[in-house]
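J.: Taken in order, the sequence shown gives residues 5 to 96; the numbers are from our numbering.
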Amino acid sequence: QDKLNAMVSQLKTDNRNVYLEVQGHTDSRGGPDMNAALGLRRAEAVRLFLYKQGVALNRIGTISYGESAPVADNHSADGRAANRRVVIVVLN
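Right under this line is the structure:
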């Protein structure tokens, strides 16, 4: 949450003209449809947090990658934990 708060501060001052893509990711447990929905819920939760902190909704898009873009091996607990994440991409 500290990282999000720092990003919000920057977005409200220095970067007022950038847009964000909030990407939701999951591990491989569960089916593809369930993981797509879960990834979207994660992304939407971050979008709502950013909005409540003062970032305009029209500056924030969301997308779910579900289990399709892992950053670690899903065969270990640590790998699955790393894959359950939200990534925020700054777009100009």
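Where a beta carbon is used, it is the ideal one built from N, C-alpha and C, also for glycine.
Small disclaimer: the values here were computed from a predicted structure and weren't measured.
Could you tell me whether the stretch 71-82 touches the stretch 6-19, where touching means 3 or more Cβ pairs closer than 8 Å?
T.: Counting Cβ pairs under 8 Å, fewer than three are found: no touch.
J.: For Arg46, count the other beta carbons within 10 Å of its own beta carbon; 16 or more makes it buried, fewer makes it exposed. Which is it?
T.: Taking the first residue of the sequence shown as position 1, residue 46 is located at position 42. Burial call: buried.
J.: If you run the structure through DSSP and keep just helix, strand and coil, what is Gln5?
T.: Walking along the sequence shown from the start, residue 5 turns up at place 1. Coil.
J.: Mapping the DSSP letters down to three states, classify Glu48 as helix, strand or coil.
T.: Residue numbering aside, residue 48 sits at position 44 when the sequence shown is read from its first letter. If DSSP states are grouped into helix, strand and coil, Glu48 belongs with the helices.
J.: Under the three-state reduction of DSSP, which class applies to Val75: helix, strand or coil?
T.: As a working mapping, residue 75 is identified with position 71 in the sequence shown. Val75: coil per DSSP, three-state reduction.
J.: Less than 8 Å between the beta carbons of Asn96 and Val50, yes or no?
T.: What you label residue 96 is simply residue 92 of the sequence shown in a count that begins at 1. What you label residue 50 is simply residue 46 of the sequence shown in a count that begins at 1. Not closer than 8 Å, so no.
J.: Since Thr66 sits in a beta bridge, which residues does DSSP pair it with?
T.: Residue mapping note: residue 66 aligns to position 62 of the sequence shown, counting from 1. According to DSSP, Thr66 bridges with Val26.
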